[in-house]
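In the numbering used here, the protein residues as written are 391 to 907. Built from N, CA and C at the ideal position, the CB exists for glycine as well. Here the structure is laid out as structure tokens; the discussion comes afterwards.
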């Protein structure tokens, strides 16, 4: 005998206890999350919802959201039910120390993976695995096993100068200038450098004056997609076996991030077949120290993205602040001209060692990186299980275990008035010239420098590529202002920026270039 179908009311009556239990479980979970961090202040709703954080990430201005939060609510603030951020450099250094029990948060770092389930030195969240991987790669990044590192960089500095010269108007010429988009040209330089010193083969964008393999376009698209899924809180879908591969980039793709990965794999596979003694570069060093198989590809691809994008952002930021501050511009160019007259760079590109002896250039670079950090990642860390007791700005806090803590770069560097002075938001390289004969001033300079260095990370997670990046930055700034005068084409809107996953997408940075004699 067939049973009669249930009425809608009966269905609801049977499901009601289950729905009630589910709602109660969710509510209790939210109350528990709110309660455990109740002593931390933050924007409205952040104690019960991720909406504020999602809005910040969607906006492309997350760095400002985080900065404003710590400005308003203190140097450690709540930005989500289980997430805090800090602008305190001492606490952030403690989180990142070599023997720190804090660890990376998969919630953030796994969202930055290129492929589901596959890690590189940036996305690896297990401390022991990260340390072992980093140890294998340190020599390659430091340049110890690449004797031609600086000369390889010089090759592309020369190519950059020649590329810019194509757009330059001769001095005292009456011809119409031809604006150049610096936002496009600088990434050509950093991508050619990292592909040359990293893979042994430059992509050739500078000579072609073109994004030959669509690496830059693909990278921008990939970061935008990652930023969107991260903001929506659905990045975890990529870790599901069937769904992940279906929605992730594939090396079979004809464009975008997938094609970028396929092109990189061709180079890596081609190098695998050759002896590491025939060419000593970063990839060869990785192989010699035991990086192999899929790990080798993941690390090679990571260095292309991270090594080019972040350095390109730094160079463009510094150049924008120089060109928009005439007093700084004139002072820097005078120092460069005097250095050239002294004979340090008569033949070819200025040596890196000589650029480090130029005090105003050093101050300009430090100040540019400080006032507009080139990397504003959240870099979420997880508090150890037992929790932690920390003192921040003279106040003691207990942070429960498994809480996430992130980095508020904008307020730690650009808006840190307690350390850098009331004009901390102003680009003023002279702030780095301190009378070290006064003990208090010497100690303050040491704190300023240590905080500024946090831009490249610290301790266990210190940036492996810092040495290479600084060589590129010093040489590039020196040679461009040695050979050319640059003026912003549109000072009122000098560029457009968008923060994707803490990395800068910079577009439309147009400049008028005049050749110097």
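- Distance between residue 569 and residue 488, taken at the CA atoms: about 47 Å.
- Rounded to the nearest angstrom, the gap between the Cα atoms of residue 586 and residue 683 is 21 Å.
- Distance from the CA of residue 900 to the CA of residue 881, rounded to the nearest whole angstrom, comes to 9 Å.
- Within the same chain, Cβ atoms closer than 6 Å to the Cβ of residue 517 are found at 493, the five residues on either side in sequence being excluded.
- Counting only the Cα atoms, residue 804 lies some 18 Å from residue 718.
- Spatial neighbours of residue 530 in its own chain (CB-CB distance under 6 Å, excluding positions within 5 residues in sequence) are listed in chain order as 672, 675, 676.
- For residue 523, same chain residues with a beta-carbon under 7 Å away, outside a window of 5 residues either side, are 511, 514 in chain order.
- The beta carbons of residue 460 and residue 467 sit closer together than 8 Å.
- Residue 867 and residue 679 have their C-alpha atoms roughly 34 Å apart.
- In its chain, beyond the 5 residues on either side, 897, 898 have a beta carbon closer than 7 Å to the beta carbon of residue 886.
- Between the C-alpha atoms of residue 770 and residue 781 there is a straight-line separation of about 19 Å.
- Per DSSP, the unbroken alpha helix (DSSP H) holding residue 457 starts and ends at 452–463.
- For residue 584, the secondary structure class from DSSP, reduced to helix, strand or coil, is helix.
- The beta carbon of residue 744 sits closer than 8 Å to those of 729, 734, 735, all from its chain and outside the five residues before and after it, given in chain order.
- Comparing alpha-carbon positions, the option among 458, 449, 473 lying closest to residue 440 turns out to be 473.
- Our two residues, residue 592 and residue 581, have alpha carbons roughly 8 Å apart in a direct line.
- Under the three-state reduction of DSSP output, residue 897 falls in the strand class.
- Of the candidates 603, 598, 646, 646 places its Cα closest to the Cα of residue 613.
- Taking 8 Å as the upper bound for CB-CB distance, residue 740 and residue 865 are in contact here, some 6 Å apart.
- Between residue 796 and residue 768 a beta carbon distance of about 4 Å is seen, short of the 8 Å cut, so the two are scored as contacting.
- Under a 10 Å Cβ-count criterion, residue 425 is classified as exposed, with fewer than 16 other Cβ atoms of the shown protein chains found around its own Cβ.
- Ranked by Cα distance from residue 432, the first of 554, 697, 457, 450 is 457.
- Only residues of its own chain outside the window of five on either side were considered, and among them 641 have a CB closer than 6 Å to the CB of residue 652, listed in chain order.
- Annotated as distal: residue 842 and residue 766, with beta-carbon spacing of 8 Å or more.
- Contact between residue 869 and residue 701 is ruled out by a C-beta separation of about 15 Å, above the 8 Å threshold.
- Taken through DSSP and simplified to helix, strand or coil, residue 792 comes out as coil.
- Secondary structure note for residue 430: it is in no alpha helix (DSSP H), with a DSSP letter that is neither H nor E.
- Put simply, the backbone Cα of residue 790 is about 15 Å away from that of residue 481.
- Within the same chain, 554, 558, 903, 904, 905, 906 come within 7 Å of residue 874 by CB-CB distance, once the 5 residues on both sides are set aside.
- In this structure the stretch 720–727 does not lie against the stretch 615–633, because fewer than three pairs of beta carbons, one per stretch, are closer than 8 Å.
- No Cβ-Cβ contact shorter than 8 Å links residue 471 with residue 421.
- Going by beta carbons, residue 849 and residue 490 fall inside the 8 Å limit.
- 548 is the residue among 785, 792, 548, 572 whose C-alpha sits nearest the C-alpha of residue 737.
- In the DSSP assignment, the residues bridged to residue 473 are 470, 794.
- Going by DSSP, residue 520 is part of the alpha helix (DSSP H) stretching over 517–532.
- The DSSP-derived three-state label of residue 739 is coil.
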